[in-house]
Amino acid sequence: MSILAVTEVLVAQNIAFAIIAVGVVVAGVRLVTTENVVHAALWLVVVLAGIAGLYILLAAEFTAIVQVLVYIGAIVVLFLFGIMLTRARLGEGETVNKKMRAPALVIAVAMFALMAYSLWGYFGSTELEVMGRSTAELGQTTAQVADTLFLTYLIPFEVVSVLLLAALTGAIVLARRD
Amino acid sequence: MLLTDISPLLSATTAGESYSDFVRSYLTVAIFGLLALGMVALLLGVGSIIRPNRPQPGKYLTYESGVDPVGEAWPQTQVRYYIFALLFVIFDVEAVFIFPWATRLDSETALVDSSGNVFEILGPYGSYGLVKMLLFIAVLALGLVYAWRKKVLRWM
Amino acid sequence: MNILAAVGVDNPPLDWHALAPELVLVGLLAVLLLVDAFGGERSRWAMPSLTGIGLLAALIPVATLAYDGVVRSMFDGAYVVDNYALLFKALFLIAGYVVVLLSTNYIAEGDYWEGEYYQLLVASLLGMTVMASARDLISVFLALELLSIPAYMLAAWRKRDLGSEEAGMKYYLMGVFASAILLYGMSLLYGMTGSTLLVDIAGAIEGTEVPALVALAVVLVVVGFAFKVSAVPFHTWAPDTYQGAPTPVTAFLAVGSKAAGFVALMTVVLIAFPTQPRIFEPLIWALAAVTMIVGNLIALRQTNLVRMLAYSGVAQAGYILAPLAVAGVSGASAAMAVEAVSTYLVIYAAMNLGAFAVVIAVARKTGSAEIDSYGGLFSYSPVLAVCMSVFLFSLAGIPPLAGWYGKLTIFLALIEPGTLAGYILAVIVGLASVIALFYYARVAKVMFVDPAPDGDTTPIRVPMSLAAALTITVAVTLVVGVLPQVLARVTGAETFLSIGG
């Protein structure tokens, strides 16, 4: 593999990243500035979808799928149901209060600074190493995830199905009206 | 009997050629999404250019089968619909676990006898993987059977 | 397709015999669900019997595995079936069986969802049996979730009762909070070592360059489990949850969940952190000391028997934690600690389940768990009063009841390493036991001396299943107390620690 090929890929990757990142940041700003809580939840979908796109660019396919199915699928649906089930007056003007804006801003900036600080050292490198092993060795493709799921973590995997079943029956009993 | 994978080994997708193949396969998804957005924008845009524009207050009412709407469009939802959200979440999470198994389906396991002849070719993890996945799905299918028999799936 | 690649997918061999107890439980769960779904109202009466039979059936492979005596290790040692695992599997299954006996009339006579109740109970027990064998972080975590999540819902099972909803809600919130802390610790461990196997983690964190990070991970993991076993200061959910939840569920939480939490704590600490005694020993020492003192002191002031048992359970958690505080001194002290904790958990399960059985029986008549309502119990239901005294004095550690032998093993484990910390903790255990005697004896005094509060002295009719539960628990409490060597034969720690390195 020539160095040229890598550079070309990285250029295309950077352009795609820039496009998605701008979209995510715009959607993120709208998410926290919108006055309707339902709109905020829908902006959250845009943000999460953009992040899923970034995972694809990082070749983390399984993470992207989890992002779409669990975050956009499950969590946003639960958010929306949670909003709809409460007695908030959704249609009328402001449903979000903004008293916590200043502390939220401080926390957001602090988080950004922390992450930027810890990632700074890796700027420019193409591959992270964890415990002396490359990300490829640690298992990154979806097929590698499948292999560990079936060959190493088989029992936890089957436990998950029983856990979901128990959660389902229990939740139905507790959420039913009668 | 020996279980051996005879598919081309999956190469690591960290950089270079395989990475670009990987991203290119998702380029299709991106193009498809952009086309869908473009189509919507095109239809609405062309519509807004060529249609006549005469605003009246009545036109902004919610359409409710021709009669005047009652109440608002943002009522509090009944709690019983929450069960549908819960059902969705459970099977959504199930899909997360089925997905990696599905990506492995194009690689095959060959059953080889003692003299090295392939006598059967199976899915990703052989019958072993099939049984495991069927067990996983069957346990969750029990949940669906339960919900159906307890009449949770009725809309009203 | 004619080229055979050198590297392929090697499917790990599955030992069906070793997995048989879990498979029986999964089968039982499926049968319960299908009978409930298709049998309708007619099948309600069959649920407890089916569950009981299923749990006893799951004990058969446990017995055959124990008879076989081979250590079975699967998935590179992530799932191990040895004597340690089998002892706890048997404990969980039998405790589960007794809980089914306690639940039979309580659930059938209340307005409860019966089929689902037993399904969730079995699901939770499955999580416990998996926990007994789990030797890697992911298995431990998922087993913990599988045993906890059904328990959260069972605690809120009396849907129209605010107290029960509060019980479920508090237990759930504290439980997920604990899970988050635990997961954070686990993710640090995985990040440092690149492995989820406890044995590999032990090797990798020995002499690591970042001791602060190891310390943080160990502390987070231990604190995460401390919530589960309701150690002070992470016990605040326990009294309200115990009081609000249906009483058989309380018994299940007090015995099953707590024992499973201890099994997880012991497994992780002794297999993954044996090289870090400087971190976990002082932490567990402090937790144990505070838990014993605070639990017993608050228990003194309780007027409700279930709340008193909740605080007494907190205090008992302190006793069980104590041997782990000196487990890192040497291999021998670790073995003694495992033996003491295993022994005490078995005995604690019997005497605590028994105490709750009496509470359920008495509540059938009085509808109350206030200590005052036990007045005159001896005059109209002498058998129940005597049973309750047996359990309470066993909890207090009076010979010749089983609790005495449990305390003895804890003392021996604390004294064995010969360290000052161990001696001090042994003294605290002794002092705490003396305090505990006061509130246990007070209940006995009310039962034997005080008159019945409303003058109603009709005897309590104890249903068959409750009587069976009482018989089992009394028998274990007496037999282990008089012939402790019966239990000592099955609580050895050799195979467990040899795998731990």
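Sequence lines, in order, name chains A, B and C. So for the first sequence, this note's numbering puts the first residue at 44; every next one is plus one. So for the second sequence, this note's numbering puts the first residue at 20; every next one is plus one. So for the third sequence, this note's numbering puts the first residue at 266; every next one is plus one. All C-beta atoms, glycine included, are put in the ideal place defined by N, C-alpha and C.
Distance CB(residue 112 (chain A))-CB(residue 111 (chain B)) smaller than 8 Å: yes
Per-residue contacts from residue 108 (chain B) into chain C (C-beta, under 7 Å): The premise fails here: residue 108 (chain B) is roughly 13 Å from chain C at the closest Cβ pair, so nothing lies under 7 Å.
Residue 41 (chain B): contacting residues in chain A (beta-carbon distance under 8 Å): 102, 104
Under the three-state DSSP convention, the category residue 462 (chain C) falls into: strand
Nonlocal neighbours in the same chain, by C-beta distance under 8 Å from residue 280 (chain C), ignoring five residues either side: 337, 339, 346
Buried versus exposed, by CB contacts within 10 Å (16 or more), residue 681 (chain C): buried
Through-space distance from residue 108 (chain A) to residue 65 (chain A), alpha-carbon basis: 21 Å
Interface positions of the region 301 to 330 of chain C facing chain B (Cβ-Cβ less than 8 Å), listed along the chain: 301, 302, 303
Proximity to residue 504 (chain C) [Cα-Cα], best of C:433, C:536, C:555, C:479: C:433
First and last residue of the uninterrupted beta strand (DSSP E) at residue 344 (chain C): 344 to 346
Three-state secondary structure (DSSP) of residue 471 (chain C): coil
Environment of residue 532 (chain C) [buried if 16+ CB atoms lie within 10 Å]: buried
Segments assigned alpha helix (DSSP H), at least 4 residues, entirely inside the region 83 to 129 of chain A: 104 to 109, 119 to 128
Cβ contact check for the region 478 to 489 of chain C and the region 545 to 553 of chain C: 3 or more pairs under 8 Å: yes
Cβ contact check for the region 318 to 337 of chain C and the region 371 to 381 of chain C: 3 or more pairs under 8 Å: no
Sequence-distant residues of its chain with Cβ nearer than 7 Å to residue 298 (chain C) (five each side left out): 384
Proximal residues of chain B, C-beta to C-beta of residue 298 (chain C) below 7 Å: 161, 165
Helix, strand or coil at residue 387 (chain C) according to DSSP, with G and I counted as helix: helix
Helix, strand or coil at residue 84 (chain B) according to DSSP, with G and I counted as helix: coil
Which of helix, strand or coil DSSP assigns to residue 646 (chain C): coil
Buried versus exposed call for residue 50 (chain B) [16 or more other C-beta atoms within 10 Å across all chains shown]: exposed
Residue 661 (chain C) versus residue 391 (chain C) - alpha carbon distance: 31 Å
Chain-ordered neighbours of residue 769 (chain C) on chain A, where CB pairs are closer than 9 Å: Lying outside 266 to 766, the shown extent of chain C, residue 769 (chain C) is not represented and no answer is given.
Residue span of the beta strand (DSSP E) that contains residue 616 (chain C), given as start and end: Unbroken run through residue 616 (chain C) is the alpha helix (DSSP H), 596 to 631; no beta strand (DSSP E).
Chain-ordered residues of the region 338 to 362 of chain C with a beta carbon less than 9 Å from chain A: 339, 340, 341, 343, 344
Spatial neighbours of residue 372 (chain C) in its chain, beta-carbon cut-off 6 Å, leaving aside the 5 residues before and after: 379, 382
Beta-carbon contacts of residue 185 (chain A) that lie in its chain and below 6 Å, excluding the five residues immediately before and after: 104, 105
Same chain only: Cβ atoms within 6 Å of residue 537 (chain C), ignoring 5 sequence neighbours per side: 463, 466, 467
Member of B:63, B:102, B:41, B:57 whose CA lies at the smallest distance from the CA of residue 162 (chain B): B:102
Range covered by the alpha helix (DSSP H) that runs through residue 572 (chain C): 570 to 586
CB-CB length for residue 642 (chain C) against residue 650 (chain C), believed under 8 Å: 4 Å
is_contact[residue 33 (chain B), chain A] using C-beta, thresh 8 Å: Residue placement at residue 33 (chain B) is poorly supported in this model, since its pLDDT is 41, which falls under 50; the coordinates are not used for a value here.
Ranges of the beta strand (DSSP E) found wholly within the region 317 to 364 of chain C, counting only runs of at least 3: 337 to 339, 344 to 346
Span separating the alpha-carbon of residue 709 (chain C) from that of residue 117 (chain B): 57 Å
Interface partners of residue 51 (chain B) on chain A, CB under 8 Å: Result: empty, since nearest Cβ-Cβ is about 13 Å, beyond 8 Å.
Near-chain C residues of the region 110 to 130 of chain A (beta-carbon distance less than 7 Å), N- to C-terminal order: none
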